[in-house]
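Asker:
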Amino acid sequence: MSFKKLKPEVVEALKTIPIESLVDAAKSLFSTIKSGKNVLISAPVSSGKTTTALVSIFNKVNQEYEGSPRAILLTNSIEKAEALHKKIAPVCRKLDVTADLIHDKGNSIQQRNDIFDGTEIIIGNPKRIFELYLQNGINLKLLDLFIVDDLDECLSNHKQAELKRLIESLESKTQLVLLTNVYNKKVEVFIESLEIPLAVVELDESI
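Heads up: the sequence shown is residues 1 to 207, going by the UniProt record's numbering.
(1) Who are the Cβ neighbours of residue 70 in its own chain at under 6 angstroms, not counting the five residues just before and after it?
(2) Taking 9 angstroms as the cut-off, decide whether the C-beta atoms of residue 179 and residue 15 are in contact.
(3) So who's on the other strand from residue 42, going by DSSP bridges?
(4) What distance in whole Å lies between the Cβ atoms of residue 137 and residue 123, which are believed to be in contact at a cut-off of 8 angstroms?
(5) Is there contact between the stretch 143–161 and the stretch 105–113, where contact requires at least three CB pairs shorter than 8 angstroms?
(6) Alpha carbon to alpha carbon, how far is residue 98 from residue 176? Give it in angstroms, no decimals.
(7) If contact is defined by three or more beta carbon pairs under 8 angstroms, each pair taking one atom from either stretch, is the stretch 27–43 in contact with the stretch 73–93?
(8) Would you identify the three-state DSSP class for residue 175, choosing helix, strand or coil?
(9) Mind reading off the beta-carbon distance from residue 75 to residue 125? Whole number of angstroms is fine, and I expect it under 8 angstroms.
(10) Taking 9 angstroms as the threshold (C-beta atoms), are residue 91 and residue 59 in contact?
(11) Kindly indicate the opening and closing residues of the alpha helix (DSSP H) around residue 189.
(12) Take residue 215 and list the residues in its own chain whose beta-carbon comes closer than 7 angstroms to its own, dropping the five residues that flank it on each side.
(13) Are the Cβ atoms of residue 33 and residue 53 separated by less than 9 angstroms?
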């Protein structure tokens, strides 16, 4: 992927983590997400779609807007959420943006306070994010990106209701990006239930 598609400050910040893998992963998918359209991306586990989504977040969320998150990335596994949060920490420091880790193992009151204090990026799991949303602990009004990673795994773990409610609460200006490892019947039924325009991109091979 050409660096011309990334903001200069993001290119510089990405040098704090292994940039080669991110660049390779972004070749086929970055432009799709950057278009701003709602999209479902179906690609194998090793395709790099998650890291591409992270690059897209940084390319859009690189300035502070106090009191409201600009991007939320949900993943089925608490362990993966922790790993992603740790991975992006150096980039966040370089760009002077805040990323909060929000999942079931954390203290919900502290998490709500952290979000209230102001954060640009939230990484977490559907259950805790939904709980905080119901408690008015998360404001979705200024979101630019709402990303669900491992959608197929989330659906297999019966997170349909939480995800659907959160997605239906998004503003029309918020871009929805769904990432799935397989495009199966559960995924098909779920996206049909959303009743929103959604482009579908399927990749059969790793990037």
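Quick reminder that beta carbons are idealized off the backbone N, C-alpha and C, glycines included. Owing to the predicted nature of the structure, the values given are computational and were not obtained by experimental measurement.
Answerer: This is what the structure gives:
(1) Translated into positions along the sequence shown, residue 70 becomes position 70. Correct list, in chain order: 61, 120 and 144.
(2) If you number the sequence shown from 1, residue 179 lands on position 179. If you number the sequence shown from 1, residue 15 lands on position 15. The Cβ atoms of residue 179 and residue 15 do not sit closer than 9 angstroms to each other.
(3) Position 42 of the sequence shown, counting from 1, holds the residue named residue 42. Residue 42 pairs with 180 and 202.
(4) For the purposes of this step, residue 123 is taken as residue 123 along the sequence shown, with counting starting at 1. For the purposes of this step, residue 137 is taken as residue 137 along the sequence shown, with counting starting at 1. Contact doesn't hold; Cβ gap of about 16 angstroms is too wide.
(5) Because the criterion of three Cβ pairs below 8 angstroms is not met, the stretch 143–161 and the stretch 105–113 do not touch.
(6) Residue numbering aside, residue 176 sits at position 176 when the sequence shown is read from its first letter. Residue numbering aside, residue 98 sits at position 98 when the sequence shown is read from its first letter. Straight-line measurement puts the Cα of residue 98 at about 21 angstroms from the Cα of residue 176.
(7) Under the Cβ criterion (8 angstroms, minimum of three pairs), the stretch 73–93 does not count as touching the stretch 27–43.
(8) Taking the first residue of the sequence shown as 1, we reach residue 175 at position 175. In this structure, residue 175 counts as strand in the three-state DSSP scheme.
(9) Here residue 75 corresponds to residue number 75 of the sequence shown, with the count starting at 1. Here residue 125 corresponds to residue number 125 of the sequence shown, with the count starting at 1. Right, the Cβ-Cβ distance comes to about 7 angstroms (below 8 angstroms), so this counts as a contact.
(10) Here the question's residue 59 lines up with position 59 in the sequence shown. Here the question's residue 91 lines up with position 91 in the sequence shown. In this structure, the beta-carbon distance from residue 59 to residue 91 does not fall below 9 angstroms.
(11) Translated into positions along the sequence shown, residue 189 becomes position 189. Residues 185–194.
(12) The chain is shown only over 1 to 207; residue 215 falls outside these bounds and no answer can be derived.
(13) Locating residue 33 in the sequence shown gives position 33, where the first residue counts as 1. Locating residue 53 in the sequence shown gives position 53, where the first residue counts as 1. A contact, by the Cβ cut-off of 9 angstroms.
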